[in-house]
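Have a look at the structure below before the remarks.
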């Protein structure tokens, strides 16, 4: 039971409490099981206090000194402990759901089996803390320090660990499903047995000298078991440095967005929507990395910075493309006054043309064969076309004609450009000319090799 006299003093406020503690520095603080929910105890001196099983939910405890206190099994859910001092504090089995621990000192704290789900631990100091078996699901640990922390068997599913320092941290058998680890540092951390399904990693993630014998790439929701063992053979283990090398390469590959077209592609609509996307996101440096065919689908791969919201970009480009297709159909409908069956015929025709466009252009096939010089030549042609587009008015047929005439003359001067156009064929011509609205037949007059 709690000391009722001490409870009464504490309920009089921080000033009275701190004055009493100053006069009685040797007194043991017994607040076992006390109910201090919603209490205002900012800057209170509760160091070395016994708060086992205490109810401090929704309490205001920011900047409070709770160092070396015993808060095991305490309820601190929704409390404000930002910038508080909890070093060497015992919080084992405590409930800290939705608790604010921003900038809090939790170094050497015992948080074994604590519930910290959805807690805000950004900028917190958790160095050497014992977080084994703790629940940190969806917690914000961005910019936190977890050096030498014990996170073995901890749940970190969908936690934000961006820019966190996990040097020499123990994450063995931890759940890292969907966790965000951009700019996080795992130097000499232990990841053996961890489940890293869908973790958000990038080339900014530091995996230097990570200690890892094996990991799990997937998770079975029905059985609640880690699956997808790597290495596949349960009798083998990663060689020293293999984990770092393997996942640093994967991280680089993840800095792309695949836009898949299952019903063909309208190049003009796509490139216009892509330019609109770049205009709406001028600081994100979005570019086209490549194009390829996968079965009956066509994939355009966008290259983006690691930190951007890939899902938002994918949604936006698809929506812009859909809007462009709708606008094209509307123009046809208005021009030819189509309706009913005739309108359905138009839609079928447009869909057929888009499917024809998914034939993998030979320029991309050439790239796959490793002839990078021809791909570079295609990019040079595109760059020269962009320069001409700044000179000639491409909103008029005369301007388009003049641009293509000048482009054709320049192509004749460069044998490498001619080889690139021959390799890329009609699909490359479409890619070059669709963005500026040049009709295919006009482009073919000036760019196709008559001897091909």
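In the numbering used here, the protein residues as written are 13 to 464.
Where a beta carbon is used, it is the ideal one built from N, C-alpha and C, also for glycine.
It should be emphasised that the depicted structure is a prediction, and the values quoted were computed from it without experimental measurement.
Please work out which residues of its chain come closer than 6 Å, Cβ to Cβ, to residue i, disregarding the five sequence neighbours upstream and downstream, and give them in chain order.
i	result
residue 457	none
residue 280	446
residue 418	400
residue 293	none
residue 270	311 and 313
Spatial neighbours of residue i within its chain, please: C-beta separation below 8 Å, excluding the five flanking residues on both sides.
i	result
residue 285	329, 332, 333, 335 and 336
residue 249	225, 226 and 243
residue 169	149, 150, 187, 188, 189, 190 and 191
residue 448	397, 401, 406, 412 and 415
residue 255	203, 219, 222, 224 and 227
residue 450	406, 412, 415 and 416
Assuming the contact rule is C-beta atoms closer than 8 Å, residue i and residue j should be a hit. Round their C-beta distance to whole Å, please.
i	j	result
residue 76	residue 96	5 Å
residue 227	residue 203	6 Å
residue 194	residue 216	6 Å
residue 58	residue 87	Contact flag wrong, Cβ pair sits at about 15 Å.
residue 147	residue 129	5 Å
residue 454	residue 413	7 Å
residue 315	residue 299	5 Å
residue 160	residue 139	6 Å
residue 231	residue 209	5 Å
residue 49	residue 70	6 Å
What's the C-alpha gap between residue i and residue j?
i	j	result
residue 272	residue 310	6 Å
residue 44	residue 119	23 Å
residue 157	residue 135	7 Å
residue 176	residue 197	6 Å
residue 137	residue 115	7 Å
residue 380	residue 430	Residue confidence is low: residue 380 scores 37 on pLDDT, short of 50, so the model does not pin down where it sits. Its coordinate-derived value is still stated next. Their Cα atoms are separated by approximately 19 Å.
residue 142	residue 66	21 Å
residue 13	residue 26	22 Å
residue 426	residue 442	20 Å
residue 283	residue 444	10 Å
residue 207	residue 101	29 Å
residue 422	residue 459	10 Å
residue 167	residue 145	7 Å
residue 246	residue 223	17 Å
residue 33	residue 47	20 Å
residue 85	residue 325	44 Å
residue 437	residue 321	35 Å
residue 402	residue 408	13 Å
residue 253	residue 221	6 Å
residue 327	residue 397	29 Å
residue 367	residue 312	Bear in mind that the predicted position of residue 367 carries a pLDDT of just 48, short of 50, making it unreliable; the figure below should be weighed with that in mind. Roughly 14 Å separates the two Cα atoms.
residue 237	residue 126	22 Å
residue 185	residue 200	16 Å
residue 107	residue 123	10 Å
residue 41	residue 296	55 Å
residue 15	residue 39	11 Å
residue 21	residue 31	10 Å
residue 181	residue 277	48 Å
residue 205	residue 90	32 Å
residue 54	residue 183	34 Å
residue 17	residue 104	27 Å
Hey, quick one: how far does the beta strand (DSSP E) through residue i stretch, first residue to last?
i	result
residue 282	Premise fails: residue 282 lies in the alpha helix (DSSP H), 279-292, not in any beta strand (DSSP E).
residue 272	268-273
residue 219	Element bounds for residue 219: n/a, residue is neither H nor E.
residue 242	237-242
residue 227	227-232
Hey, could you find the ends of the alpha helix (DSSP H) residue i is sitting in?
i	result
residue 22	16-22
residue 167	Counting along the chain, residue 167 falls outside any alpha helix (DSSP H), and DSSP gives it neither H nor E.
residue 450	Taken as a continuous stretch (DSSP letters only), residue 450 belongs to no alpha helix (DSSP H), as it is neither H nor E.
residue 409	409-425
residue 10	Any property of residue 10 remains undetermined from this structure, which presents the chain solely from 13 to 464.
residue 54	No alpha helix (DSSP H) contains residue 54, which DSSP labels as neither H nor E.
residue 30	26-35
To which residues of the same chain is residue i closer than 7 Å at the C-beta, ignoring the five residues directly before and after it?
i	result
residue 98	78, 79, 116, 117, 118 and 121
residue 339	none
residue 82	62, 63, 64 and 102
residue 288	332
residue 405	411
residue 171	148, 149, 150, 151, 153 and 191
residue 113	93, 94, 131, 132, 133 and 136
residue 290	298
residue 52	72
residue 259	213 and 219
Under 8 Å between C-beta atoms, does residue i make it to chain C?
i	result
residue 22	Among the protein chains of the structure shown there is no chain C, as only one such chain exists.
Notebook entry, point to check: What residue ranges within the stretch 105-159 form continuous alpha helix (DSSP H) runs of no fewer than 4 residues, ordered along the chain?
Noted result: none
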